[in-house]
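As you go down the protein sequences, you meet chains Y and A in turn.
Residue numbers for the first sequence, in this note's numbering: 1 to 95.
Residue numbers for the second sequence, in this note's numbering: 96 to 573.
Take a look at the structure set out below.
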Amino acid sequence: MTVDSTIVTYLENLARIRLTDTEREKCTDDLQRIISYFDELDAVDTEDVLPLSHAFEQVNITRLDEVLPSFPTEAILQNAPRQKDNCFLVQRTVE
Amino acid sequence: MQYETVIGLEVHTELSTKSKIFCSCTTQFGGEANTHVCPVCAGLPGALPVLNAEVVERAVRAGLATHCTITRDNKFDRKNYFYPDLPKAYQISQLYFPICTDGYVELASGKRVRLREIHMEEDAGKLTHDPYADASLADYNRCGVPLLEIVTQPDISCAEEAVETVEKLRAILQYTNVSDGKMQEGSLRADVNLSVRPKGSQTLGTRTEMKNINSLRAIARAIEAEAERQIDLIESGGAVTQETRRWDDDAGESYAMRSKEDAQDYKYYPDPDLPPIHISEADIERIAESMPELPEAKKQRYMTELGLPAYDTNLLTSDLALVRLFEATAKAVSDPPSPADYKEASNWILGEVLRLASETATLPENFAFSPHSLAKLIRLVKSNTINRNTAKKVFKEVFAADTDPEAYVKEHNLAMTTDADAIRAAVEAVLAANEKSVKEYKSGKAQALQYLIGQSMKALKGKAPAPEVKALLEALLR
Ligand SMILES: [Zn+2]
Numbered sequence: 001m002t003v004d005s006t007i008v009t010y011l012e013n014l015a016r017i018r019l020t021d022t023e024r025e026k027c028t029d030d031l032q033r034i035i036s037y038f039d040e041l042d043a044v045d046t047e048d049v050l051p052l053s054h055a056f057e058q059v060n061i062t063r064l065d066e067v068l069p070s071f072p073t074e075a076i077l078q079n080a081p082r083q084k085d086n087c088f089l090v091q092r093t094v095e
Numbered sequence: 096m097q098y099e100t101v102i103g104l105e106v107h108t109e110l111s112t113k114s115k116i117f118c119s120c121t122t123q124f125g126g127e128a129n130t131h132v133c134p135v136c137a138g139l140p141g142a143l144p145v146l147n148a149e150v151v152e153r154a155v156r157a158g159l160a161t162h163c164t165i166t167r168d169n170k171f172d173r174k175n176y177f178y179p180d181l182p183k184a185y186q187i188s189q190l191y192f193p194i195c196t197d198g199y200v201e202l203a204s205g206k207r208v209r210l211r212e213i214h215m216e217e218d219a220g221k222l223t224h225d226p227y228a229d230a231s232l233a234d235y236n237r238c239g240v241p242l243l244e245i246v247t248q249p250d251i252s253c254a255e256e257a258v259e260t261v262e263k264l265r266a267i268l269q270y271t272n273v274s275d276g277k278m279q280e281g282s283l284r285a286d287v288n289l290s291v292r293p294k295g296s297q298t299l300g301t302r303t304e305m306k307n308i309n310s311l312r313a314i315a316r317a318i319e320a321e322a323e324r325q326i327d328l329i330e331s332g333g334a335v336t337q338e339t340r341r342w343d344d345d346a347g348e349s350y351a352m353r354s355k356e357d358a359q360d361y362k363y364y365p366d367p368d369l370p371p372i373h374i375s376e377a378d379i380e381r382i383a384e385s386m387p388e389l390p391e392a393k394k395q396r397y398m399t400e401l402g403l404p405a406y407d408t409n410l411l412t413s414d415l416a417l418v419r420l421f422e423a424t425a426k427a428v429s430d431p432p433s434p435a436d437y438k439e440a441s442n443w444i445l446g447e448v449l450r451l452a453s454e455t456a457t458l459p460e461n462f463a464f465s466p467h468s469l470a471k472l473i474r475l476v477k478s479n480t481i482n483r484n485t486a487k488k489v490f491k492e493v494f495a496a497d498t499d500p501e502a503y504v505k506e507h508n509l510a511m512t513t514d515a516d517a518i519r520a521a522v523e524a525v526l527a528a529n530e531k532s533v534k535e536y537k538s539g540k541a542q543a544l545q546y547l548i549g550q551s552m553k554a555l556k557g558k559a560p561a562p563e564v565k566a567l568l569e570a571l572l573r
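Here it is as structure tokens:
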């Protein structure tokens with residue numbers, strides 16, 4: 001698979017970031033090299049290998065349905081760039 | 096040209112667990128903004144989500160109740176998108192291996208609406224527009240409340256079927272204690288996928304999706320309006336665009352959402368924070384054994400064991416709060432209740448109770464009166480202490496404020512006269528005062544008797560048993 005500027009622009013949009021031309025060039029190059037690793041995997045016969053979603057063999061890590069105190073609202077809002085009425089004030093969402 | 100509508104539903108239901116799906120914050124509805132939030136559900140970096148075991152339990156119950164296959168090896172996936180109601184910028188959901196697949200719900204007609212899957216996921220926060228700041232206020236209290244998304248196949252062909260499907264699902268979720276099913280609190284809401292095609296055609300038309308509709312009435316209205324809009328569009332030479340639309344129930348119309356649909360690429364991948372969940376045969380057996388009686392089984396039992404008509408059982412079993420009221424009332428009339436007690440309890444609930452409920456827009460789960468009060472009232476009628484008309488008047492008080500019917504009857508002197516001499520005296524006085532009617536009756540005019548009964552009841556202020564008055568009149572006129 002070839003990573004070109006179309007793919008990088010698409011990823012920029014998805015990630016909501018803007019790259020400069022220099023960054024875009026470097027990014028294209030980096031992504032191309034990352035993708036190439038996967039080409040190596042493609043070459044391996046994985047016919048009898050189950051898909052792996054987790055690296056550890058842990059399963060069924062759960063908790064009981066019990067309520068514990070939440071965090072104080074001030075603590076939760078500590079990192080809010082803007083706040084109002086105990087809420088995060090965010091850019092207007094259009095619907 | 097004749098068209099047919101093809102509808103699929105995605106029903107989202109909030110689970111009635113005590114705590115959220117991946118953290119120990121409460122799921123309680125309401126509360127001051129951002130008071131039910133912790134680093135996990137606020138999506139702070141480094142916080143570790145841990146699955147609430149009860150969510151899996153309830154998802155399996157929902158699956159078993161809808162004839163699904165339970166997935167043994169479950170995992171969670173991240174659905175990535177940017178929207179300020181989602182502080183992590185991804186929703187934890189199940190894309191690749193949903194916990195339940197291939198089930199169905201059966202409608203009254205016998206038609207089966209197939210369920211493609213049921214999966215577990217987390218709810219998002221609430222955004223409200225702030226006109227002063229021209230910005231949105233984000234409250235994350237609902238963030239991380241467990242949800243089940245129930246996805247049907249496009250098997251539904253009209254608004255009525257869609258409403259019935261949601262009603263059946265709601266009853267099943269309530270009976271199995273998976274969800275409280277309160278649509279007005281958003282515990283149950285539906286996305287409607289709809290397309291139209293020429294009648295008989297096998298290919299599906301282009302579909303639109305209407306999101307987050309939260310009442311049965313709105314679902315029906317949205318479906319009818321959207322089918323009409325699509326047909327009009329096609330008839331006038333246009334084409335339906337695949338898009339997400341918002342249904343405005345007040346305006347009675349939907350409009351396309353100005354979203355970045357073109358960028359909808361969620362880049363799903365397995366959530367590395369959450370290890371897989373294995374569900375064993377033993378787990379499934381244990382849950383299956385603990386399942387309560389489901390709506391369909393209850394309906395059948397009401398018909399065969401209690402001898403209730405199909406129509407009545409359908410209504411009664413459609414809402415768990417009604418079922419509880421019905422069973423508790425009958426039991427409080429006499430224990431064990433006789434078939435007549437069941438019938439009487441059912442008649443009261445489907446009659447006066449639902450009439451007043453609709454008049455006052457009260458939902459069954461919010462009724463103020465206790466089954467014991469209704470049972471007392473039924474016993475007062477059963478023992479001929481009051482007649483039905485009086486009972487209906489008394490029930491108004493019971494319904495409004497759980498008034499004790501016995502005390503109310505006593506206080507307002509509504510009990511029927513049991514004094515045979517008093518009844519006889521009143522009836523004789525009526526006969527003496529209505530010679531004309533007496534003559535008419537004796538000359539064969541039967542309806543004159545009705546008039547005399549009416550006059551007698553009036554004289555007795557309605558507080559004598561009508562059959563007794565009638566029998567006495569007939570005897571005196573013989
Ligand atoms: Zn939390």
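Quick reminder that beta carbons are idealized off the backbone N, C-alpha and C, glycines included.
Spatial neighbours of residue i in its chain, beta-carbon cut-off 6 Å, leaving aside the 5 residues before and after
{"i": "ASN288(A)", "result": "GLY103, ARG302 and GLU304"}
{"i": "PHE88(Y)", "result": "ALA80"}
{"i": "PHE494(A)", "result": "LEU451 and PHE464"}
{"i": "TYR437(A)", "result": "LEU401 and ALA425"}
Cβ-based burial, residue i [other Cβ within 10 Å; buried from 16]
{"i": "TYR227(A)", "result": "exposed"}
{"i": "MET552(A)", "result": "buried"}
{"i": "ASN129(A)", "result": "buried"}
{"i": "TYR406(A)", "result": "exposed"}
{"i": "GLY198(A)", "result": "buried"}
{"i": "ASP234(A)", "result": "buried"}
{"i": "ARG237(A)", "result": "buried"}
{"i": "HIS214(A)", "result": "buried"}
{"i": "GLU149(A)", "result": "buried"}
{"i": "ASN536(A)", "result": "Note that residue 536(A) is Tyr in the sequence shown, not Asn. TYR536(A) should be labelled buried."}
{"i": "ALA377(A)", "result": "exposed"}
{"i": "TYR503(A)", "result": "buried"}
{"i": "THR164(A)", "result": "exposed"}
{"i": "LYS556(A)", "result": "exposed"}
{"i": "LEU415(A)", "result": "buried"}
Neighbourhood of residue i by C-beta distance below 7 Å, restricted to the same chain and skipping five residues each side
{"i": "THR122(A)", "result": "THR112, LYS113, SER114, LYS115 and VAL240"}
{"i": "SER282(A)", "result": "THR108, GLU109, SER274, ASP275 and GLY276"}
{"i": "ALA486(A)", "result": "LEU472, LEU475 and VAL476"}
{"i": "TYR364(A)", "result": "ASP172 and ARG173"}
Interface partners of residue i on chain Y, CB under 7 Å
{"i": "LYS183(A)", "result": "Chain Y residues near LYS183(A): none, gap ~13 Å exceeds 7 Å."}
{"i": "HIS131(A)", "result": "SER70"}
DSSP bridge partner residues for residue i (one or two, in chain order)
{"i": "TRP342(A)", "result": "SER349(A)"}
{"i": "ASN482(A)", "result": "In the DSSP output, where bridge partners are listed per residue, ASN482(A) has none listed."}
{"i": "CYS87(Y)", "result": "LYS84(Y)"}
{"i": "TYR121(A)", "result": "Checking the sequence, you will find Thr at residue 121(A) rather than Tyr. THR121(A) pairs with SER114(A)."}
{"i": "ASP327(A)", "result": "Answer by DSSP bridge pairing: none, since ASP327(A) is not bridged."}
{"i": "ASN61(A)", "result": "There is no way to answer for residue 61(A), as the model of chain A reaches only from 96 to 573."}
{"i": "CYS195(A)", "result": "ILE165(A) and ILE213(A)"}
{"i": "HIS131(A)", "result": "HIS131(A) is not bridged to any residue."}
{"i": "GLN97(A)", "result": "The partner list for GLN97(A) (beta bridge, DSSP) is empty, contrary to what the question assumes."}
{"i": "ALA230(A)", "result": "GLN91(Y) and ASP225(A)"}
{"i": "GLU304(A)", "result": "ASN288(A) and THR339(A)"}
{"i": "GLN186(A)", "result": "LYS174(A)"}
9 Å Cβ cut-off: residues of chain Y touching residue i
{"i": "PHE177(A)", "result": "LEU14, ALA15 and ARG16"}
{"i": "PRO140(A)", "result": "Near PRO140(A) there are no residues of chain Y at all, since even the closest Cβ is about 10 Å away, more than 9 Å."}
Supposed contact pair residue j and residue i - C-beta distance, whole angstroms, cut 8 Å
{"i": "VAL261(A)", "j": "ALA285(A)", "result": "6 Å"}
{"i": "VAL132(A)", "j": "PHE71(Y)", "result": "6 Å"}
{"i": "PRO466(A)", "j": "ALA517(A)", "result": "Rounded, the Cβ-Cβ distance is 35 Å, inconsistent with contact."}
{"i": "ASP172(A)", "j": "GLN189(A)", "result": "6 Å"}
{"i": "ASN86(Y)", "j": "GLU348(A)", "result": "The Cβ separation is near 35 Å, so there is no contact."}
{"i": "LEU202(A)", "j": "LYS263(A)", "result": "7 Å"}
{"i": "PHE462(A)", "j": "SER441(A)", "result": "Contact flag wrong, Cβ pair sits at about 16 Å."}
{"i": "ILE374(A)", "j": "VAL155(A)", "result": "7 Å"}
{"i": "VAL101(A)", "j": "PHE117(A)", "result": "Rounded, the Cβ-Cβ distance is 36 Å, inconsistent with contact."}
Closer than 8 Å at the beta carbon, the chain Y residues around residue i
{"i": "SER231(A)", "result": "LEU89, VAL90, GLN91, ARG92 and THR93"}
{"i": "PRO134(A)", "result": "PHE71"}
{"i": "PRO365(A)", "result": "SER53 and HIS54"}
{"i": "LEU222(A)", "result": "VAL90 and THR93"}
{"i": "ALA154(A)", "result": "Simply none; closest approach about 13 Å."}
{"i": "SER385(A)", "result": "None at all; the shortest Cβ gap to chain Y is about 15 Å."}
Contact set between residue i and chain A, taken where Cβ atoms lie within less than 7 Å
{"i": "LEU41(Y)", "result": "What LEU41(Y) touches in chain A: nothing, since even the nearest Cβ is about 16 Å away."}
Under 8 Å by beta carbon: chain A residues contacting residue i
{"i": "THR62(Y)", "result": "VAL145, LEU146, ASN147, ALA148, VAL151 and ILE372"}
{"i": "LEU77(Y)", "result": "ASN129"}
Spatial neighbours of residue i in its chain, beta-carbon cut-off 8 Å, leaving aside the 5 residues before and after
{"i": "LEU403(A)", "result": "TYR397, LEU411, TYR437, LYS438 and SER441"}
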